[in-house]
Amino acid sequence: MTSNRTPALPEPTPPAATTGAAPEASAVQAAPGPPAAMPGPDRTAALVARAEAAVRLSGTDPRVALEEARAVLAETAGELCPEAASVALRASALAARELGDLGLAAERLRQAVVAGAGSPRRVAQARMSLVTVQAHLGDPEGALRLADLAEKDLSGRDLARLGVQRSVALMLLGRHREAVRHCDKAIGRLDGDPKFQAGGLLNRGLANVFLERYGLAQADLSACAEMARDAGLGHLAMLAEGNLPFVNARRGDIPAAFESYRAAEAALSGYPERLAAMRTDFAEALLAARLPGEARSVVEQALPDLVAAEAHAALPEARLLLAQAALMSGDGHEAETTAETALAEFLGQGRSPWAPLAREIRLRARALHNEPGRALLAELLECADELTEHGWTTVCGSLRLMCAGLAARLGDLGTARAQLDALAASPVRAVVRHHARAMRLHLDGDHVGALAAAGVGLDAVLPYDAPSGTGGPSGTGAVSAEPAMRAHAARPAEDLAAFGLKVALGAGDPWAVLTWAERWRAIVRGTPPPPAFTPRSLPVLDGTLIELVRDGDDLFGLCLTSWDCSVHPLGSYTAAVEGAVRIRYGMRRRNLRDARSHDGGGGSRTGRGGERDEGRETDRELAAELDLLGRRLLGPLDLDDGPVVIVPTGPLCTLPWPMFPPLRGRPVSVAPEGSSWLAKGREITRSTAWRAKHEPAWASPYEMATRPYKGPGGVDARVCGEPYQPPLVVAVAGPGLAEAGREASMVVRTHPHAERIAATRAELLGALDRADVLHVAAHGTFSPQSPMLSQITMNDGPLMAYELRRSRRMPSLVILSACDAGMAHAPVDGAVLGLAGAFLDGGSACVIAGICPVRDDEAATLMTVFHAFLADGRPPAEALGAAIAKTGIGGFVCFGAGHDPIHAAPHSA
735 MTSNRTPALP EPTPPAATTG AAPEASAVQA APGPPAAMPG PDRTAALVAR
785 AEAAVRLSGT DPRVALEEAR AVLAETAGEL CPEAASVALR ASALAARELG
835 DLGLAAERLR QAVVAGAGSP RRVAQARMSL VTVQAHLGDP EGALRLADLA
885 EKDLSGRDLA RLGVQRSVAL MLLGRHREAV RHCDKAIGRL DGDPKFQAGG
935 LLNRGLANVF LERYGLAQAD LSACAEMARD AGLGHLAMLA EGNLPFVNAR
985 RGDIPAAFES YRAAEAALSG YPERLAAMRT DFAEALLAAR LPGEARSVVE
1035 QALPDLVAAE AHAALPEARL LLAQAALMSG DGHEAETTAE TALAEFLGQG
1085 RSPWAPLARE IRLRARALHN EPGRALLAEL LECADELTEH GWTTVCGSLR
1135 LMCAGLAARL GDLGTARAQL DALAASPVRA VVRHHARAMR LHLDGDHVGA
1185 LAAAGVGLDA VLPYDAPSGT GGPSGTGAVS AEPAMRAHAA RPAEDLAAFG
1235 LKVALGAGDP WAVLTWAERW RAIVRGTPPP PAFTPRSLPV LDGTLIELVR
1285 DGDDLFGLCL TSWDCSVHPL GSYTAAVEGA VRIRYGMRRR NLRDARSHDG
1335 GGGSRTGRGG ERDEGRETDR ELAAELDLLG RRLLGPLDLD DGPVVIVPTG
1385 PLCTLPWPMF PPLRGRPVSV APEGSSWLAK GREITRSTAW RAKHEPAWAS
1435 PYEMATRPYK GPGGVDARVC GEPYQPPLVV AVAGPGLAEA GREASMVVRT
1485 HPHAERIAAT RAELLGALDR ADVLHVAAHG TFSPQSPMLS QITMNDGPLM
1535 AYELRRSRRM PSLVILSACD AGMAHAPVDG AVLGLAGAFL DGGSACVIAG
1585 ICPVRDDEAA TLMTVFHAFL ADGRPPAEAL GAAIAKTGIG GFVCFGAGHD
1635 PIHAAPHSA
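Here's what the structure looks like:
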């Protein structure tokens, strides 16, 4: 949480007054002059009215308010009018606060207190305004003392307004329930004062977020925005809506957090301190989405503006996010250093309830880069007690589980059992209690009981909209009704699923490994965890499921065929990732023709023999790397003859799987989970039924790829006895690619029911609602720092990955014939982001996309062959494998469920 989420609340609305013209002053306070004269009553009233008008303007047009306050102060310099000076100084302070200068705001408010010494009410109002500024400067305790001083000279609505201001300091001190009570009391007494009533709704909404009352928080913020807009307070409405990224991030609705952040960023571009606060909100969203690198980058953008604005209260919170991002990235040293800085700042501000959060990250970071011993265990236990004392129950539960695991590894079984027993009986979330019970059973040697308890824990997480087994590798499964499943509530569930997987791997039971690997991935994706898999629960499979899982640095491959389910150790996960990096580097060199012979590669030869030799060497090195990693990952597995579905782990999701020798020419799909493929029951696919009728035997991969293929379009257009309806194919050619137009025209010529659309964002988004197949020949940019901001370039600007979430439906098949368009980032297994992930999560069955730069002429060559196979009725994965084998052009992968032919949907038949 960043304290600057809470706006500088609007000031009491004084009686309306007409503002007169005033000379501009170069400074807030005029230079000393001759002795001041007492103005007449009318003159005094006019000056006070103008100052009060500046107060009103401070929340909507702070620059104009600042100029008017300066003008009033210049006029009062030669006259004795302390009340007008006090109000004008307060207006100047509030304008400075809105413009991000907290230090100047505090200085002007203290001057307002001095200037208004003869008017207790004006002094109390200045102190009331100083409450939030003092809190944001990092002194919430001092802010509460100011509120106590102001209270004795305020009455009526002013007391209610003070309650709204006081709630800011209370939230910074972690006293969220008290903040809600003050806002509850104030809001009902502020009818007729939409500024402060809306401000009270805003503060109460934010406090409710921290109390995990997300529905109430959303209602308060929406009511605030509506009330502010009705009253013409656009600035306050914008602030309410600007807090939606924070709410959406906390409740786990990551796409909404991205969209609301982008809107808030544009709205707050002229308010650097507010923008910095929104960036820290966005960083929290990125952390919830398991994107620590992106979060780190965003927080680093925000910190300089927070420092410049002297937003001392926000600084340690931003550093806390930075430390969390470093810890999630595995950078223990950076996490520890940053957390120590945040801890010192929290303690310096008297914010003891926040200190244990920084201590927890510091200790976890220490455990990451040092071998933990008994001394660290003692510190962790002490920190857990502090978290409990200050009400951070969710964080505390996770830390006590860590303590129990560490104690068990150190042989201190008494401490381990004591922590687990305490958690099992504590008021923490049910999933944490079940995790503790499962660990306790495992500690006692009851592995079966441990897995059963873990299963009960997952069932207790949240209700779902759909029965178990729905959804698909495409991400079409129903998500839970409560989006919190996908972030804060999901984290303990992920930990529990990871524990179940670890126990299953230790027991060596392949069916248990499959069950818990799929449950982990389901939790991450927000879909129902599947029931236990057993040999009797699955039909005869057409093909092979390969699921990669890891325990620490140990990589395992689970292989499921129609006759067997087995788990095989595959060596070091780190070594596999390093091999993947070398392969991707080799493919970039090959495909960008930095060094390539092009012998049979479909492109022009280089002119010099040395370059040809270097190109051949690059090809040999790439082939050797593919062979080496292919033997490591696939060699121990006994693959079936049919299609292959691969569920990778971590960065292995971006490997060019169709290019590995054991998979060359075969139908290969890469999916974030395997449950949906299993649930469909691959007893006999449509393509298998067709082959059984028209081919004497399953051809070898190379024969399948190179010989003519008579698909459904050539044999009475029937598949499995059902009439084959050609899909509606929509093609679009983006700017800047020489071959894009010809490629799009080729697509239209190849398919009987096809059309080409203009390369605009609106046309492309509109095509999503009606196309069965969408072919996009355009530049695509994968953003490794923020995959949800990956983009496709159109004539009228980029189409962002997060914008795709708005579509009501998606084409069954999407082809992204663009550089790096298929690059995906898997911050945790089961969650694949980027352009491919956005289409899959939106409902597409599969996405054909590049995972490295591909030259546009080579992409056009590959796509020509691919679409010919696709038009003949081959499933996408089969068509792609055959096209790669026939052309020798790699770099494209079929993501999702590519094993079924594409038919026309009912709406387009």
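Numbering-wise (the working numbering), the sequence shown opens with residue 735 and increments by one. The C-beta atom is built at its ideal place from N, Cα and C for all residues, glycine as well. What you are looking at is a predicted structure, and each value in this text was computed from that prediction instead of being measured.
- In the assembly as shown, Ser-1003 is an exposed residue. Its beta-carbon has fewer than 16 other beta-carbons within 10 Å.
- For Cys-1299, the secondary structure class from DSSP, reduced to helix, strand or coil, is strand.
- In this structure, the straight-line span from the alpha carbon of Gly-793 to that of Glu-832 is close to 7 angstroms.
- In this structure, the straight-line span from the alpha carbon of Gly-1615 to that of Ala-1594 is close to 16 angstroms.
- Taking Cys-1130 as the centre and dropping the five residues before and after it, the same chain places the C-beta of Ala-1118, Leu-1121, Thr-1122 closer than 6 angstroms to its C-beta, in chain order.
- If only uninterrupted beta strand (DSSP E) runs of at least 3 residues are considered, none is enclosed by the stretch 1119-1157.
- Within the same chain, Ala-840, Pro-874, Gly-876, Ala-877, Leu-880, Ala-903 come within 8 angstroms of Gln-868 by CB-CB distance, once the 5 residues on both sides are set aside.
- Rounded to the nearest whole angstrom, the C-alpha separation of Arg-1504 and Ala-1194 is 39 angstroms.
- Thr-1268 sits in coil when the DSSP states are folded into three classes, being neither helix nor strand.
- Going by beta carbons, Leu-1020 and Ala-1029 fall inside the 7 angstroms limit.
- The shortest C-alpha to C-alpha distance from Ala-1570 to any of Pro-1382, Ala-1405, Glu-1044, His-1103 is the one to Ala-1405.
- Less than 7 angstroms divides the Cβ of Met-1544 from the Cβ of Gly-1577.
- DSSP places Phe-1394 outside both helix and strand once states are collapsed to three, so it counts as coil.
- Comparing alpha-carbon positions, the option among Ala-965, Asp-1634, Cys-1137, Asp-918 lying closest to Gly-934 turns out to be Asp-918.
- Look at Ile-1317 here: in three-state DSSP terms it is helix.
- A distance of 7 angstroms or more separates the beta carbons of His-1302 and Val-1237.
- Under the Cβ criterion (8 angstroms, minimum of three pairs), the stretch 1589-1607 does not count as touching the stretch 1385-1401.
- Every unbroken stretch of the alpha helix (DSSP H) spanning 4 or more residues and falling wholly within the stretch 807-846 is given here in chain order: 816-832.
- Contact between Ala-1231 and Trp-1254 holds, with the beta-carbon distance rounding to 4 angstroms and staying under 8 angstroms.
- Per DSSP, reduced to three states, the secondary structure at Gln-1035 is helical.
- Relative to Pro-816, the option among Val-857, Ala-805, Gly-1500 whose CA is nearest is Val-857.
- Counting only residues of its own chain and dropping the five nearest sequence neighbours on each side, Thr-1484 has a CB closer than 7 angstroms to the CB of His-1601, Ala-1602, Ala-1605.
- Assignment of Ala-1488 by DSSP, reduced to helix, strand and coil, places it in the strand class.
- Annotation: Cys-958 is outside any beta strand (DSSP E); the continuous alpha helix (DSSP H) that includes it extends over 948-964.
- The beta-bridge partner set that DSSP reports for Thr-1527 consists of Pro-1532.
- The closest CA to that of Tyr-1319, considering only Ala-1078, Thr-1128, Asp-954, Leu-1356, is found on Leu-1356.
- Rounded to the nearest whole angstrom, the C-alpha separation of Leu-1508 and Glu-1612 is 18 angstroms.
- Residue pairing for Ile-1280: DSSP places it in a beta bridge opposite Cys-1293, Ile-1380.
- Per DSSP, the unbroken alpha helix (DSSP H) holding Leu-1614 starts and ends at 1610-1621.
- The beta carbons of Val-1482 and Ala-1474 sit no closer together than 7 angstroms.
- The C-beta of Thr-810 has 16 or more other C-beta atoms within 10 Å across all chains shown, which makes the residue buried.
- The way I'd put it, the stretch 1042-1053 does touch the stretch 1067-1083; three or more beta-carbon pairs between them come closer than 8 angstroms.
- Ranking Leu-1140, Ala-846, Gly-897 by CA distance to the CA of Thr-866 puts Gly-897 first.
- Under the three-state reduction of DSSP, Ala-1593 is assigned to helix.
- In this structure, the CA atom of Ala-932 is about 22 angstroms from the CA atom of Gly-908.
- Inclusion of Phe-980 and Tyr-1536 in the CB contact set at 7 angstroms is not warranted, their separation being larger than that value.
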